[in-house]
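Peer 1: Before we start, here is the structure in question, set down as structure tokens.
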Amino acid sequence: KGANVVMQTDKGKGQAVIQAFDIIDSPYVIMIDGDGTYLPGEVNIIIDALAEGAGHVIGNRFANPGEGAFTRLNKLGNRILNKAFGFAYGEWLNDILSGYRGFTRETISNMVLNQAGFEIETEITVECVRQEVDIKVVPITYLARAQGAPTKLNPLTDGFRIGTTIFKMAKINNPLFYFSVMGGVTIFFGLVIGTYVVIEWMANITHVLLAVLTALIIISGIQMFIFAIMGDLIASLHKETMRAFRKQK
Numbered sequence: 305k306g307a308n309v310v311m312q313t314d315k316g317k318g319q320a321v322i323q324a325f326d327i328i329d330s331p332y333v334i335m336i337d338g339d340g341t342y343l344p345g346e347v348n349i350i351i352d353a354l355a356e357g358a359g360h361v362i363g364n365r366f367a368n369p370g371e372g373a374f375t376r377l378n379k380l381g382n383r384i385l386n387k388a389f390g391f392a393y394g395e396w397l398n399d400i401l402s403g404y405r406g407f408t409r410e411t412i413s414n415m416v417l418n419q420a421g422f423e424i425e426t427e428i429t430v431e432c433v434r435q436e437v438d439i440k441v442v443p444i445t446y447l448a449r450a451q452g453a454p455t456k457l458n459p460l461t462d463g464f465r466i467g468t469t470i471f472k473m474a475k476i477n478n479p480l481f482y483f484s485v486m487g488g489v490t491i492f493f494g495l496v497i498g499t500y501v502v503i504e505w506m507a508n509i510t511h512v513l514l515a516v517l518t519a520l521i522i523i524s525g526i527q528m529f530i531f532a533i534m535g536d537l538i539a540s541l542h543k544e545t546m547r548a549f550r551k552q553k
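Residue numbers (the numbering used here): 305 to 553.
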């Protein structure tokens with residue numbers, strides 16, 4: 305009763321969230337999935353954390369899950385993605401894919417969001433980390449989906465997309481992690497090829513082209529590590545500039 309219902313202009317969960325953020329101008333904004341797995345009555349937990357100074361509040365589903373709320377595959381996937389996010393961005397937030405969140409108007413106005421699908425929670429969290437928003441994780445209840453209730457989330461394909469989003473966004477937000485991983489993988493493949501070349505050489509079989517390729521791959525990997533260091537320096541400088549800008553505001 306009294307709700308302002310807005311028809312979504314395009315497809316995708318992410319697009320719906322972005323559109324809602326553009327429309328809502330309240331001091332506090334609450335985001336909750338409408339699949340019946342969250343309790344609207346716990347909204348005060350989110351609001352209280354915002355009132356205490358947090359810029360973004362995440363409801364932790366793992367704090368109080370109902371029976372059957374997580375399948376084994378969903379629980380494993382969430383754990384892996386949470387760990388991956390922690391390694392990539394240095395923030396261990398317990399539940400980056402939660403659909404129960406709160407924001408201040410300032411936090412929303414500073415975020416740049418583009419993901420139209422289920423990757424939106426990941427992008428929101430990355431943006432808040434990039435903007436150095438004060439993020440608070442609070443315990444919430446998470447219920448099992450009603451029997452027979454449809455879901456558009458595919459644990460495998462959407463999980464892969466979310467993982468890819470975590471890695472891709474690190475290129476800008478944490479270049480040290482991104483290029484170090486790329487450099488490490490490149491050097492590993494170079495060493496694998498180089499090992500084969502050496503074993504063949506010890507058997508009096510030469511592979512000149514493969515030897516040259518091995519050297520080029522390893523050099524490329526080393527260059528990636530150099531990019532990682534340079535990118536980290538640039539990112540650190542950018543963060544310092546943004547901190548100074550926010551203080552002036």
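Where a beta carbon is used, it is the ideal one built from N, C-alpha and C, also for glycine.
#1: Shortest alpha-carbon distance to residue 433 belongs to which of 446, 381, 389, 465?
#2: Using 8 Å as the limit for Cβ to Cβ distance, is residue 346 near chain B?
#3: In terms of residue numbering, what span does the beta strand (DSSP E) encompassing residue 408 cover?
#4: What residue ranges within the segment 432-494 form continuous alpha helix (DSSP H) runs of no fewer than 4 residues, ordered along the chain?
#5: What does the alpha-carbon distance come out to for the pair residue 385 and residue 468?
#6: With distances taken Cα to Cα, identify the nearest neighbour of residue 319 among 528, 475, 420.
#7: Contact between the segment 475-486 and the segment 534-548: three or more CB pairs below 8 Å?
#8: Whole-angstrom Cβ separation of residue 406 and residue 351, contact assumed at under 8 Å?
#9: Nearest CA to the CA of residue 393: which residue from 371, 314, 425, 430?
#10: Have a look at the DSSP bridge pairing and note the partners of residue 360.
#11: Return the bridge partner residues of residue 331 from the DSSP annotation.
#12: What three-state label does DSSP hand residue 400 in the structure shown?
#13: Where DSSP assigns a beta bridge to residue 500, which residues make up the other side?
#14: What did DSSP end up calling residue 366 once you bin it into helix, strand or coil?
#15: Once DSSP output is grouped into helix, strand and coil, what is the label at residue 336?
#16: Closer than 8 Å is the cut-off here; do at least three beta carbon pairs connect the segment 455-470 with the segment 375-384?
#17: Are three or more beta carbon pairs between the segment 347-365 and the segment 442-462 nearer than 8 Å?
#18: Hey, quick one: how far does the alpha helix (DSSP H) through residue 309 stretch, first residue to last?
#19: Looking at residue 447 and residue 367, is the spacing between their C-beta atoms short of 8 Å?
#20: Look at residue 410 and residue 359 and say whether their C-beta atoms are less than 8 Å apart.
Peer 2: By the coordinates alone:
#1: 389
#2: Of the protein chains in this structure there is only one, and it is not chain B.
#3: 404-408
#4: 461-477
#5: 10 Å
#6: 420
#7: yes
#8: 7 Å
#9: 430
#10: 407, 439
#11: For residue 331, which the question treats as bridged, DSSP gives no partner whatsoever.
#12: coil
#13: In the DSSP output, where bridge partners are listed per residue, residue 500 has none listed.
#14: strand
#15: strand
#16: yes
#17: yes
#18: From DSSP, residue 309 is part of no alpha helix (DSSP H); its letter is neither H nor E.
#19: no
#20: yes
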